[in-house]
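According to UniProt numbering, the residues represented by the sequence shown are 1 to 118, in order.
Below is one structure, written out as structure tokens, with a few remarks after it.
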Amino acid sequence: MAYEARRDVFQAIADPTRREIIGLVVKEPQNLNALAGNFNMSRPAISQHVKILTECGLIIIKQKGRERYCEAKLDALNEVSAWIEQYKQFWEQKLDALETYLEKIQQQPKTKKSVRRK
């Protein structure tokens, strides 16, 4: 039995080409040929990126006449947002603690260092 990796939204956004594709189709739906025209790579390579984005739920393909158009469906990015939020809270707590510590040491009276003479 062959193992097929489950694609997720993190895999999709890990690649800069896929992030750029998302950015393009967010502005307006594009057919595959128009989308491929934005990149210096083959149409099959773009199709592979679109396939990954589709499997991850970030793009849907709609048939309009003889053309297939890519449209953004960004609900899956909520998973990324939730993941980032937990680390945002972690770092905010750390920075708040650092701020409290710095305020505390700034309020302490400054002592002169004694100068040693030989």
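For every residue, glycine included, the Cβ atom is placed at its ideal position computed from N, Cα and C.
Using the C-alpha atoms, what's the distance from residue j back to residue i?
{"i": "residue 52", "j": "residue 20", "result": "14 Å"}
{"i": "residue 104", "j": "residue 97", "result": "11 Å"}
{"i": "residue 79", "j": "residue 27", "result": "22 Å"}
{"i": "residue 67", "j": "residue 44", "result": "16 Å"}
Roughly how far, in whole angstroms, is the beta-carbon of residue i from the beta-carbon of residue j, given that I think they are within contact range, below 8 Å?
{"i": "residue 25", "j": "residue 76", "result": "Wrong, their Cβ atoms sit about 14 Å apart, outside the cutoff."}
{"i": "residue 56", "j": "residue 11", "result": "7 Å"}
{"i": "residue 50", "j": "residue 59", "result": "6 Å"}
Exposed or buried, what is residue i when buried is set at 16 or more other beta-carbons lying within 10 Å of its beta-carbon?
{"i": "residue 69", "result": "buried"}
{"i": "residue 18", "result": "buried"}
{"i": "residue 46", "result": "buried"}
{"i": "residue 84", "result": "exposed"}
Any heavy atom of the ligand HEM inside 6 Å of the beta-carbon of residue i?
{"i": "residue 20", "result": "Ligands displayed in this structure: none; no statement on the ligand HEM is therefore possible."}
Segment contact flag, the region 31–41 with the region 87–98, C-beta cutoff 8 Å, min 3 pairs: For the pair of segments examined, the region 31–41 was found not to touch the region 87–98: the number of CB pairs separated by less than 8 Å stays below three.
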